Every structure is written in C-alpha cells, then in structure tokens.
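Let me begin by presenting the structure, written as structure tokens, before commenting on it.
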Amino acid sequence: MRGPLGATYLDLADVRAELGPILADEEVRKIGQNIKYDLLVLRNAGMPIAGVYFDTMVASYCLDPGRSSHSMDNMARDYLNYECVPIVNLIGKGKNQLTFDMVDAAVACEYAAEDADVTWQLYAYLKARLETQPRIAKLFAEVEMPLVSVLAQMEYNGVSLDTALLRQMAGELSEALEFLDERIYEQAGGVFNIDSPKQLAEILFDKLGLKSGRVGKAGRSTDASVLEQLSDQHPIADLVLEHRTLSKLKNTYADKLAGMINPRTNRLHASFNQTVTATGRLSSSDPNLQNIPIRTELGRKIRAAFVPAKETDCILSADYSQIELRLLADFSRDEALMAAFAADQDIHRFVASQVYDVPLAEVTNQMRARSKSVSFGVIYGQGAFGLARSTGMSPAEAKEFIEGYFARYGSIRAFLDECIAKAKETGYAETILGRRRRIRDLDSKNGGRRALAERLAVNTVIQGSAADLIKVAMLNVQRKIDTERLPVAVLLQVHDELVFELPAAEAEEHGRWIAEAMTTALELDVPLKVDVAYGPSWLSDK
DNA sequence: GTGTTCACG
DNA sequence: ACGTACGTGAACACG
-15 MRGPLGATYL
-5 DLADVRAELG
5 PILADEEVRK
15 IGQNIKYDLL
25 VLRNAGMPIA
35 GVYFDTMVAS
45 YCLDPGRSSH
55 SMDNMARDYL
65 NYECVPIVNL
75 IGKGKNQLTF
85 DMVDAAVACE
95 YAAEDADVTW
105 QLYAYLKARL
115 ETQPRIAKLF
125 AEVEMPLVSV
135 LAQMEYNGVS
145 LDTALLRQMA
155 GELSEALEFL
165 DERIYEQAGG
175 VFNIDSPKQL
185 AEILFDKLGL
195 KSGRVGKAGR
205 STDASVLEQL
215 SDQHPIADLV
225 LEHRTLSKLK
235 NTYADKLAGM
245 INPRTNRLHA
255 SFNQTVTATG
265 RLSSSDPNLQ
275 NIPIRTELGR
285 KIRAAFVPAK
295 ETDCILSADY
305 SQIELRLLAD
315 FSRDEALMAA
325 FAADQDIHRF
335 VASQVYDVPL
345 AEVTNQMRAR
355 SKSVSFGVIY
365 GQGAFGLARS
375 TGMSPAEAKE
385 FIEGYFARYG
395 SIRAFLDECI
405 AKAKETGYAE
415 TILGRRRRIR
425 DLDSKNGGRR
435 ALAERLAVNT
445 VIQGSAADLI
455 KVAMLNVQRK
465 IDTERLPVAV
475 LLQVHDELVF
485 ELPAAEAEEH
495 GRWIAEAMTT
505 ALELDVPLKV
515 DVAYGPSWLS
525 DK
C-alpha cells in the first residue's frame, strides 16, 4: 500500500492476520529487546503477546545493574563489537523527525532485520553469561522476566485523574505565586528571575549583603538549607522558600499531570522502568509517579487528584511498614530488634528506650526522633556529621549517640562490617535474591571514595533486598488477579507501596489478600507488616 | 548538555 | 585536610 509520503507500507489487517496467531501462541517463545514496549504497542494494535521469554535489556540489567545503558546499540557495541545503524539515518532528528510508520517498508525492513539479528546475537551472548551465574539466572527467569508483563499491564492500566481539581489547584497556586513575586521584588528592591539561582544569589549575597554559605561549581548555593539559615537575617529567605515550594507544585504536578493524559483512554500512562537503578528498584518517568508529594499538607493535596474512573470504585494503597529496618533486623539477627518487630512495637520508640536506657513510657518525642534518624542513617551509612545535620545535634553529641546505638546493637555493626567485607572479597554487594551490584573503590586510597563505596556496599544490600521483595509481591498479586479474574487493577509501585483501583464495596476483602500476598512474598525471620488504606482518592487517610 | 534545586522512598 | 546519607526524575536557567 502507499502512504501519504508515497512510501509503501504494510496493511495492519494483513500483519495482524499473519503475525497475530504467532504472537498469541504461548508455545512460541518470544525473545526481544525491551519487550515491555512491544507488549504495549502490539496489544494496542490488537495483537497481544504470550510466551514472553527473554528480554536482552533485562538480562543485561541483571548481569550488571550498574551499567550506564542497556540500549541495543550500546550493548551491541560492548558485547558484540558491532556498530548499529543509527535510527536517525531513517527518521532524521529535530523538529522534522519522522515516526517509524512513515518510513518506507523496504527501508524499514532492512532496519528491522538488523534489529532482530542483533537482538538474537545479544540473546546468545547474554544467555551464556547467565548460565555461569545460577542465582542471577533464577532471579532473571523467575522474577525479572515475569515482571516485564506485570509492568506492561500497569502501564496499560494507567491512572485516572481529577483534572478539574488539578486546574483549581493550579489556579490557586498561580494567585499565591503572583502575591509572593511582588513581596519578593519589594524585599529585593527590584525585579529579577526568582527561578534563577544565579540571579537570586546576586540579590541575597551582593545586593542585600547576606552571608553566603556553601559554594558549588556554578557559584554560591541558594538551596533550602541555605535559605533556612538566612531566614532570621532577612524576610526574603522565607518568601523565596515558599516560592520554591509553590512553583514546584504548580510546574511539576498541578500543571503537568493533566496535560499527559491519553485522550484515547482518558488516563495517565506513566513508564515504570526496570533497567535503570543500580540497586534493583524500579524507576518511573513520563511522568514520574513515584515522587508525588506527601510530606507537606499542601503538596499532599495533589494526591486527591488520583481517583478511580468509576464512582463505585476506590483507590487502595498497601505499603510495607518499616521494610528496610525489618530487613536489617533479619539480616543482622539482632535479638532485641527481632523481638521488637515480633511484638509489633513502635520500633523507633523501642530503639530509643534501649539506647537511652529508659522505660518505653519515658521516651520523649525528641529521643524517638533521634533514634529514627540514626536507624535511617545506618541504612545509608551515615556518619556523625550527617546525623548532626539531620537532627540538629552537635557533631560531638551525634558521635556519642551513634556510639551508644552500636554499643546496644553490636550485631548491626557486625552486619555492616560483613557487608563491606563480602563486597571487598567478591567485588559485589548481593541482595536476598542474589541480585549483584559491582562495588568499586573499596580499596581506594582516597578516603572519600572508599567511604562512599562502603556505604554503597551496605545500602545496596538493604535497598536492593526490599526491591526484590516487592517485585515478588507484585508477581503474586498480579497472578492472583489474572487466575481469578479479579476486578483489581495495579496502578502504581512506589518502592514500598502498591496502589490499586478496585470496587469500593470489595475493598476490605481485596485489601486482606493483597496484604497477605505482600507479607508472604519472602519468608523472613522477622514478620512483615503491610498497612492498607482505601478511599475515594490516593489521599485517603491512613 | 550541565548544574542546581527539589519532589519521593 | 577533606567531605560528609542511599536511590531516583523533572523543571528551570544558562551557555
């Protein structure tokens, strides 16, 4: 057939008739590069795929999650010593770029053939490498490959948004910002671009003569921590902080989200990326739905716009409680910590009572907050300086507190040391399911680099194991939805949380099995806990 | 394209 | 003396 540009192209009905049955045949194993994309494109073109077997992008990620790119071109260059024909040769670039369906079929065929050939060769190469690493091969075959289809389903589901609410919020934010603009210009004695850190620094530190703090490559920092320091010296600091908060909310969320709704489905279909992070976590993009505000009252309201499409449905969220600390307790086998989780104690209160050596009832809010900071700090490998900064303690106090913490939790110290020792010995940090991240610089003579490597060795084990856990949970949840044909749609994964759309009348019932599926995803010696909340939007109180 | 800033877990 | 908590993605300014 002839297209609008005179190019020949294939008729969709012909393609569907020819390829549809093969693609739908479970017995015909599918090998591809970034198969999630094909799953979505072909499903939307009336050709659902079964028998998803081997994704070269996902295989490469399992073998080396720290690699900067798992694109076919990049892998072909590194693994096959082959330079692929750049797609720009076919479609050009910039504003006159074509889409692939506008390319003449004969030209497209040549390109597609290279694509298939290179993917096949990558498959052979990656399969052989996987065969030398049984745990990674198992992780790939039993977790990551099945997850491809789950993520495709999530992306296909998308999420419904209350656009009127977003518009209203954007309007209110605009008004508040205009008001703030005027007051900032007043305080600054002139108009400037508040969004330009460079111009803002000139106003603050040159024109108004405030004392500058940290300096970066591009000049004096104006970030939130600096502005907070300045807030008792000049009223402009708080105004700028407020301006930053509001413009972030407006530009990144209130204005943007509605514009990304697919007019065909009336829903927002983000990407959940499986081959991006070094630790095994997913990432989300276009838009990122893993960083929707929650920490402040105002920002949190954005979540009210994440709604079910039908009035009879609801949004249900299920999140792991203290997942990383539970893993830390399990890995370190610290008896007191394990007992505290077994008894379902408020873990930060419990730790505070032990470190300060006071009865649970006498733990103050400050004691609890400090213990919470240290526990998080442990997971990230934080030192006394960092703890001091995050709690407001003096560095000496912080140092003392950390010493007290490890005096009480010697087995945690031992676990951290073991993570580092293992990584030094093997060159890898390894998660509960055998996912491996290469850790360099553990022997570096540069103290800073070595310390960073040690933090990575620890953090990767914990963060990566939590990622393994929720991936298994997602597989179990989607499997049950499919086999029992339940009216439940998985919408989002936010690292320790899954978000669903389901009939409001059945929320209790579905919440029960979802929590069960999540808590039993992996067998640990520490009980896992999942909090479930549901309501008319993602805002729903917990 | 890079740097800064800030949203999340 | 040095930097100083892990993992992400996006908007904006600037050259």
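Residue numbers (our numbering): -15 to 526.
Don't be surprised by glycine CBs; every beta carbon is placed ideally from N, CA and C.
Please read these numbers as outputs of a predicted model, since none were measured by experiment.
Identity of the residues DSSP links to residue i by a beta bridge
i	result
Asn246	Arg251
Asn531	Here the chain has residues from -15 to 526 only, and residue 531 is not among them.
Ser301	Val483, Ala517
Lys455	DSSP, once it has assigned bridges, lists no residue as partnering Lys455.
Gly16	Asp39
Arg422	Tyr412
Phe290	Leu145
From the options, residue whose alpha carbon lies closest to that of residue i
i	options	result
Ala336	Met129, Leu321, Phe484	Leu321
Val143	Arg421, Leu273, Glu226, Glu166	Leu273
Asp207	Leu184, Asp190, Lys191, Asp216	Leu184
Glu98	Cys68, Asp22, Met129, Val483	Cys68
Glu226	Phe334, Gly495, Ala160, Ala112	Ala160
Val132	Met502, Ile19, Tyr(-7)	Ile19
Arg27	Ala100, Asn141, Met351, Tyr109	Asn141
Phe360	His332, Glu346, Ser378, Gln350	His332
Arg496	Asp401, Gly174, Ser301	Ser301
Gln117	Ala43, Ile446, Lys201	Ala43
Val(-1)	Gln105, Ser55, Ser521, Ala89	Ala89
Thr503	Asp509, Phe176, Glu493, Val514	Val514
Ile286	Ala154, Phe256, Ala221, Ile386	Ala154
DSSP-derived helix/strand/coil call for residue i
i	result
Asp477	Looking at the sequence shown, residue 477 is not Asp but Gln. Reduced to three states, the DSSP call for Gln477 is strand.
Ala413	strand
Tyr37	strand
Arg317	coil
Gly200	strand
Gln306	coil
Ser53	coil
Ala372	helix
Lys526	Any reading at Lys526 needs caution, since the residue's pLDDT is 45, under 50, leaving its predicted position unreliable; the model's value is listed next. Note: Lys526 maps to coil in three-state DSSP.
Ser337	helix
Tyr66	coil
His227	helix
Gln350	helix
His218	coil
Val472	coil
Leu23	helix
Gly367	coil
Leu194	coil
Thr444	helix
Thr206	coil
Gly431	helix
Lys182	helix
Glu94	helix
Asp509	coil
Thr236	helix
Buried versus exposed call for residue i [16 or more other C-beta atoms within 10 Å across all chains shown]
i	result
Tyr37	exposed
Glu414	buried
Arg469	exposed
Ser209	exposed
Gln81	exposed
Phe369	exposed
Asp466	exposed
Phe399	buried
Lys526	With a pLDDT of 45 at Lys526, under the threshold of 50, the predicted position of this residue should be treated as unreliable, and no value is reported.
Arg248	exposed
Glu281	exposed
Gly264	buried
Val25	exposed
Phe84	exposed
Expected contact under 8 Å - CB spacing of residue i and residue j to nearest Å
i	j	result
Val483	Ile299	7 Å
Pro271	Lys240	6 Å
Glu139	Ala254	7 Å
Asp9	Ala29	That belief does not hold up - the Cβ atoms of Asp9 and Ala29 are roughly 17 Å apart, past 8 Å.
Ser355	Val339	6 Å
Ala242	Leu145	6 Å
Leu149	Ala288	6 Å
Tyr304	Pro277	The Cβ separation is near 20 Å, so there is no contact.
Arg317	Leu512	About 16 Å; that fails the 8 Å criterion.
beta-carbon residue i near the ligand NAD non-hydrogen atom, thresh 7 Å
i	result
Gly361	Because no ligand of any kind appears in the structure shown, any question about the ligand NAD cannot be addressed here.
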